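What follows is a set of notes on a single structure, which appears directly below.
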Amino acid sequence: MGIIRTILVIIFVFAVIAISILNQTEIIGKISLGFTELENVSLVLVLIETFVIGFLYATIAYLLQSLSGRVTIRRYRRKIKELESELEAMRNLPLEDIDIEEQGNGG
Numbered sequence: 009m010g011i012i013r014t015i016l017v018i019i020f021v022f023a024v025i026a027i028s029i030l031n032q033t034e035i036i037g038k039i040s041l042g043f044t045e046l047e048n049v050s051l052v053l054v055l056i057e058t059f060v061i062g063f064l065y066a067t068i069a070y071l072l073q074s075l076s077g078r079v080t081i082r083r084y085r086r087k088i089k090e091l092e093s094e095l096e097a098m099r100n101l102p103l104e105d106i107d108i109e110e111q112g113n114g115g
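According to this note's numbering, numbering within the sequence shown proceeds without interruption in unit steps and concludes at 115.
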């Protein structure tokens with residue numbers, strides 16, 4: 009799996025470099041970001057900023073999902089310990105109402 013990931017990263021890096029080289033002189037007239045407007049911005053700069061924002065968003069989403077998974081695992085481990093201690097307590101209970109003579113006679 010590591011080889012496939014490495015190959016995909018290399019392809020992605022080459023694609024970004026190719027797009028950057030081919031669009032060095034391209035300038036976007038006006039961009040509205042909602043909270044501000046930018047004028048005469050390089051297309052390469054817009055692509056890089058978009059990539060960084062997407063990367064940060066994906067990282068935050070991954071961290072939140074990972075944290076949620078860890079909380080769930082911790083909760084399940086706690087429940088397993090409770091159930092194991094309950095099982096151990098039940099194993100240590102004395103056996104009651106068993107007539108040894110009845111078992112020896114075959115039933």
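Using N, Cα and C, we set each Cβ at its ideal position, and we do this for glycine too. Keep in mind the model is a prediction, meaning the values are calculated, not measured.
8 Å Cβ shell around L51 - same chain, five flanking residues per side excluded: Mapped onto the sequence shown, residue 51 falls at position 43. The residues are N31, E34, I35 and I36.
G62 - DSSP class collapsed to helix/strand/coil: Locating residue 62 in the sequence shown gives position 54, counting from the first residue. Here G62 carries a helix assignment [DSSP, helix/strand/coil].
N48 versus G62: straight-line alpha-carbon distance, rounded: As a first step, residue 48 is located in the sequence shown; it is residue number 40 there, counting from the start. As a first step, residue 62 is located in the sequence shown; it is residue number 54 there, counting from the start. Taking the straight line joining both Cα atoms gives about 22 Å.
Alpha-carbon to alpha-carbon, F43 and I56: For the purposes of this step, residue 56 is identified with residue 48 of the sequence shown, where counting begins at 1. For the purposes of this step, residue 43 is identified with residue 35 of the sequence shown, where counting begins at 1. If I take the Cα positions, the gap works out to 19 Å.
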